[in-house]
Each structure stands twice: as C-alpha cells, then as structure tokens.
Amino acid sequence: MSQSLSEVLVHARGLTKRFDAMTAVDAVDFDVATGEAFGFLGPNGAGKTSTMKMIACSSPITEGELTVIGMDPRTQAAEIKAHLGVVPQTDNLDAELTVRENLEMYARYFDIPDEVARRRADDLLEFVQLSERAKDQVDPLSGGMKRRLTIARALINEPDLIILDEPTTGLDPQARHLLWERLYRLKQRGATLIITTHYMDEAEQLCDRLVVMDKAKIVAEGSPRELIERYSTREVLELRFPDEVKSGLDGRLEGLAERVEELPDRVLLYTADGERALEAIHAREIRIDSALVRRATLEDVFLRLTGRSLVE
Amino acid sequence: MTIATRVLQRNLLVYRRTWRGSLFSSFMTPLLYLTAMGIGLGSLMESRGTTLLGGYDYLHFLGPGILAASVMQSAVFESTFPVMGKIMWRRNYEAMLATPLEVRHLLIGELLWIGFRCLTIALVFLGILTLFGIPRGPLAVLAVPAAILTGLAFSAAVIAFSATQRNDAGFSWMFRFIINPLFLFSGTFFPVTRLPDPVEWLAAATPLYHGVALVRGTILNDAPSLAAWPLHLGYLVVFFGVGAVVAHRLLRRRLVT
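Taken in sequence, the protein lines are chains A and B. So in the working numbering, spot 261 of the first sequence is number 261, and the numbers just go up one at a time. So in the working numbering, spot 35 of the second sequence is number 347, and the numbers just go up one at a time.
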C-alpha cells in the first residue's frame, strides 16, 4: 500500500455483494492506482462482473467500503459515472442509430456540448478505425467492429477510469489483436484500465497488476510475472506417454521436478529447467510419445489457483 | 430534470426516420372506425333518434371518443414492446445507466416522449374532426391536454407492468383482455349508461372513461359531460401519479441489481 491517497483511483475494503442467499463477492480488498491496467481474472461465476458492476455504480454495494475516484458510489453515483467509461460484457449499442449517432447521442447523456461531441466522435472513429462506417447502421457490423465502437463510446466523455468486462470474448484472433493494440495505446496515453477476462494471454498482454478471483474471493494478487514466480516454476515440461508406460509410472518421475501434475492425457512437470528434466527422463529410460518444454504462463497459475474442474 | 430530455431526444432522433411507418397504425385504423361506424352505422341510428347520445349525431358523439381511445392505444403500445426492448432485448437502458442518467431520468424521458406522441396524435385527430365540422367552439383545444393526460395515465401503469415481464406473452394477454375491452366499453362507442350497473361502475373506474368524458365534453362543448370535470381530471392525475411511482420502483428493481 505504497500509493498515496490521491493516486488511488479505486479503493475497496471488505467489499461484498450478496443476492439473497448467494454471496457473489465476499469481502474483497484491492486498490487500483492511477495509470495502471488492473485485471480481474477468474472462472465464470467467480464474482468478477459483480465487482465491476459495483465499481461502475450500476449495482449497489451490500457491505464494505468502496471509493471510486475519491467518491462514494452510494451517494455520488452520477458524479462518479460522469468520469467512467464502461465497456460491458455484451454489446448494448443503440441498434436504431448509426455508428456516428451512437457516439453523439451517448455524449448527450453526459451533457457534452454538440460541437465537442462531434469533434470527439471524429477522433474516436479514427482511433477505432471505423471512420468509413460512420453513417452505417450498427446491426450489420462485425463483432469486432461493434466492440471497437463500444470502446469508442466508452471514451466519449474522456473518462478517468475505463472499465472493460471481458472485452475480447467471442472475437476472432485478428479482431482480438487489433483491440489489444488499441487498448495498449490507451494505456500508453496514461489511461487507467480495469479489465476482467478469463483469457490468460489477454491478462499477460495488458495488465500491470491483477487479482485472481475464485468463489467470490481474491485468491492471489500481483503482476503477471510475480504470480508466475510465486505459484509456478519458470518452465513446464509437458509429456505424453504410451498407455502401457503411463499406467506403470508410479514414482518413476519423482525428483525430476518441483511439482508433477498428472492429467488424463499428459503429465506436467513444473521445473526451472525443462530441458534438463527431459534429459533426466531419457537417462531413466522412460519411454515417451512426445515432449514439449515451454515457459510457464499465467494459465498455469490460474489453473493451480482455481482448479481444473469445469465451472458452468 | 434537463438530463431526462436526452432520452426524449434519442427517441425523436429515431422517430425522424420511422414516423412515416407509424402514421398507418396511429391514424388509419381509427379513421376506418370513425368513417365506418360514425357515418355508416350512424346513419342507421339517426333514423331512430339521438336522444340517448345527448342529441348529437353519432359521428359527432363518436369522433371525440375515438380520439381519446386512439391516444390511449398508442400510449399503451409505446409503453410495451419498445420499453421491454430497451430493458432486455437491446439493453439501451443498461447503456444509459452507465452514464450520469439514473432510472428516474429514463422514466421521465420515456413519459415525455410518450406525451409527445400523444400530442401529435391528438393534434392530427382534432384537425380531422374539424374537417368533419365536429368541434363546437374554442374549448375543443383543451381536448389535446386532456388526451395527453389520458395517454400518460395509461403509459405509467403499463410501463410498470412491462418492467415486470420476462417475455412479450403478457402483452398480447393485456391487449386482448384489458385494452380492447376498454376501447369498446369506456364510452367510446356508446354511453356507458346503456350498460348494466356493475359494468357501468367498472367502466367508470378506468382512466379511459374519464379521458373520454373530458375530451368529448371539451370538443362538443357539452355541459353534461363536463359537469364532473374536476373528478375526471383528478382521477387521471392520481392514476398517473401512482402509476409513475410504481413504474419507477419496478424499473429500479429490474434494472439495478
């Protein structure tokens, strides 16, 4: 907690959200500093979106303390919202308006004068590469274009804080990379971003710092690098064995890695040096079908912290 | 308050492109009723005397009733599918609530918009009635605010209903069992005194009955219709006020979770 109060844009202590008997967010603590890209990672139903909605002042806080841009969402929601840009999980563009009208009308909700709104709409359409489609209706746009327009719309009030809830879910790789590149540019310009995602590559690309949520609680916090160091090893050796070898493996991999994880189709060896572990396997004359040495990723951390069982 | 007008502006922006299409539904059907029943059926009735209609030709009796009922129907329609669409299909309200707008602004904005729709329909209709020579005197102008109030009284209550619906099945139920009977039995086509007493009381409890009384009274400058005008006006104002408070509460419950 080295940040001074003026640098802290979002401050949460014991933040809790309950729906009847169900606790969606259970007493979480976190701080987001100005200029930071802060991520919420977690499986579906972990409480990410509920947390985001409380920050965005669209969902009342059940319990705990939350300040956003130095203000209290319970009493100053409209003032806070005037300084936020929100990109929701599912697009909610105005399908009855054109691309440009979506931006200009949204500006009016913020009471932005029309001539300012027009200028900003021009700049933003340029920024998200939609200038050519300005006069088109929204419906025929591709998923990636709609996302970009939603991001442009979230920037119309020049927000101090941009909240993105799963910004690239459902997009093809090209569209995702274009979006990341735009978000990265926003970051470079000094914008503060809060992002939820369940894509680990997205979190590694964009987030300076992140928390991992599971079952309504925060289970880890740090930069992507720190989390990998703390919860994983530098490298992972992925091995596939012929069936008859796999069934007789008991204990034969012992001592080769810091941690061994046996999955139905393969075995993961978490180690600082994957190549050396592989040499040791060969030395022990264990027959393998294939071997892959890779760097540990946030995904390894994520799966370790939140488990491999399917959340639906 | 001024920020609520942004919602009105948004709807006007859309209306600028769609108003031609709405002409047919807003005016054609009621005009068909007016001519078919007012002139066709009316000529049949006049042969038997018009004392029951207060001495007016059937066309003259019917015209103001159709005006009030048409305004009601448009106000009700605007409060159903479009509102539900903005709640759950297109989720416009979710987008608006991410800005400084709050639920009360959305409601006020929609009511302003529906008030505007009622205004245009009432004005055009009054013009048509004038072509038929129906209005008697300048008091007829007051039929416009009376019709708007009637529309808004329905609108607030129907928005409250829409805020509770998870799909549009409830709307067809509502049109079939509430709106259409009201259209027929609230004094639009015949005086409710012709109905059995319990039905007459039921009719008198609906906002359309009071709206029709005010609109008919002002357009025809008809003293008997206007005798109880403070009651009619008061009823509509209270119905609207209660409806708006309930609509706000139910919209909040639906939109802010």
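Here a beta-carbon is modelled for each residue, glycine too, at the ideal position from N, C-alpha and C. Quantities reported herein were computed from a predicted structural model and do not represent experimental measurements.
According to DSSP, is K215(A) part of a helix, a strand, or is it coil?
Note: K215(A) maps to coil in three-state DSSP.
Taking 9 Å as the threshold (beta carbon to beta carbon), is A407(B) in contact with chain A?
Yes, because at least one Cβ of chain A sits closer than 9 Å to the Cβ of A407(B).
Which residue marks the beginning of the beta strand (DSSP E) containing T192(A), and which one marks its end?
T192(A) -> beta strand (DSSP E) spans T192 to T197.
Using a C-beta cutoff of 9 Å, does Q321(B) count as contacting chain A?
Answer yes: the Cβ-Cβ gap between Q321(B) and chain A drops below 9 Å somewhere.
Determine the closest residue to P376(B) out of T462(B), W485(B), N479(B) and I426(B), with distance taken between C-alpha atoms.
Out of T462(B), W485(B), N479(B) and I426(B), T462(B) has the C-alpha closest to the C-alpha of P376(B).
Just checking A280(A) against the ligand MG - is the residue's beta carbon closer than 8 Å to any of the ligand's heavy atoms?
What this structure holds is no ligand at all, so the ligand MG is not there to describe.
Report the neighbours of V415(B) on chain A: residues whose CB is nearer than 9 Å to its CB, in chain order.
By Cβ distance, chain A contributes nothing, its closest Cβ being about 11 Å from V415(B), past 9 Å.
Can you list, in chain order, the residues of the region 82–107 of chain A whose Cβ is nearer than 8 Å to any Cβ on chain B?
The residues in question are A82, L84, V86, P88, T90, N92, L93, D94, A95, E96, L97, E101, M105 and Y106.
Going along the chain, which residues of its own chain have a beta-carbon closer than 8 Å to the beta-carbon of R295(A), five neighbours each way excluded?
Closer than 8 Å at Cβ, skipping near neighbours: R234, E235 and V236.
Which residues of the region 50–61 of chain A have a Cβ closer than 7 Å to any Cβ of chain B? Give them in chain order.
So the list reads A56, S58, S59 and P60, given in the order they occur along the chain.
Cα separation between L5(A) and H11(A)?
Unreliable positioning characterises L5(A) in this predicted model, as indicated by a pLDDT of 46, which lies under 50. A coordinate reading is not provided.
Does E261(A) come within less than 9 Å of chain B when only Cβ atoms are used?
No, E261(A) does not count as interfacial toward chain B.
Cα separation between T16(A) and T476(B)?
Taking the straight line joining both Cα atoms gives about 27 Å.
Ends of the beta strand (DSSP E) at V87(A)?
Residues L84 to V87.
Taking only three categories from DSSP, how would you classify A385(B)?
The identity of residue 385(B) in the sequence shown is Gln, whereas the question assumes Ala. Correct three-state label for Q385(B): helix.
Buried or exposed: F19(A), going by 16 or more other Cβ atoms within 10 Å of its Cβ?
With fewer than 16 other Cβ atoms within 10 Å, it is exposed.
Is it the case that the region 74–89 of chain A contacts the region 243–257 of chain A, given that we only count it when at least three CB pairs across the two stretches are under 8 Å?
As far as the Cβ criterion goes, the region 243–257 of chain A does not touch the region 74–89 of chain A, which means the pair count is below three.
For the candidate residues M486(B), T411(B), F495(B) and R332(B), whose alpha-carbon lies nearest to that of S391(B)?
The residue with the shortest Cα to Cα distance from S391(B) is M486(B).
Which residues of chain B have a Cβ atom closer than 9 Å to the Cβ of F40(A), listed in chain order?
Within chain B, no residue comes near F40(A); the closest Cβ sits about 18 Å away, beyond 9 Å.
In chain order, what residues of the same chain have a beta carbon less than 6 Å from the beta carbon of A468(B), not counting five sequence neighbours either side?
Answer for A468(B): F552, G555, A556 and A559, listed in chain order.
Is there a Cβ of chain B sitting closer than 9 Å to that of N44(A), yes or no?
Chain B, which has no Cβ nearer than 9 Å to the Cβ of N44(A), makes this no.
Measure from the C-beta of R153(A) to each C-beta in chain B and report whether the shortest distance is under 9 Å.
For R153(A), the answer is yes, since a Cβ of chain B falls inside 9 Å of its Cβ.
Which full runs of the alpha helix (DSSP H) of 4+ residues lie inside the region 89–117 of chain A, going along the chain?
Taking only runs of at least 4 residues, the alpha helix (DSSP H) segments lying wholly in the region 89–117 of chain A are 99–109.
Report the three-state DSSP secondary structure of A33(A) (helix, strand or coil).
A33(A): strand per DSSP, three-state reduction.
Does any residue of chain B have a CB that is nearer than 9 Å to the CB of A21(A)?
No, no contact with chain B.
Between G367(B) and V549(B), what straight-line distance do the alpha-carbon atoms span, to the nearest angstrom?
When rounded, the distance between both Cα atoms is 30 Å.
Is V86(A) closer than 9 Å to D165(A) when the C-beta atoms are compared?
It is a contact, given that the beta carbons lie within the stated cut-off.
If you measure between the beta carbons of A152(A) and L130(A), is that distance less than 9 Å?
Yes.
According to a CB-to-CB cut-off of less than 9 Å, which residues of the region 130–147 of chain A neighbour chain B?
Within the region 130–147 of chain A, no residue qualifies.
Exposed or buried, what is L443(B) when buried is set at 16 or more other beta-carbons lying within 10 Å of its beta-carbon?
Result: exposed.
What residues from chain A crowd round I460(B), counting only those whose CB sits closer than 7 Å?
Ordered by position in chain A, no residue passes the 7 Å Cβ test against I460(B), which lies about 24 Å from the chain.
Taking its Cβ as the centre, do 16 or more other Cβ atoms sit within 10 Å of E36(A), making it buried, or is it exposed?
When all chains shown are included, E36(A) counts as buried.
Output, in chain order, the set of chain E residues within a Cβ distance shorter than 9 Å of R402(B).
Annotation note: the requested chain E is absent from the structure, which comprises protein chains A and B.
Assuming T317(B) and L451(B) are in contact, meaning their beta carbons sit under 8 Å apart, how far apart are those beta carbons, in whole angstroms?
Going by Cβ atoms, the distance from T317(B) to L451(B) rounds to 30 Å, so no, they are not a contact pair.
Classify E414(B): buried if its beta carbon has 16 or more other beta carbons within 10 angstroms, exposed otherwise.
Answer is buried; the Cβ neighbour count reaches 16.
So, at 8 Å on beta carbons, what are the nonlocal neighbours of R148(A) in its own chain, with the 5 sequence-adjacent residues on each side left out?
Answer for R148(A): V128, Q129, L130, L178, L179 and R182, listed in chain order.
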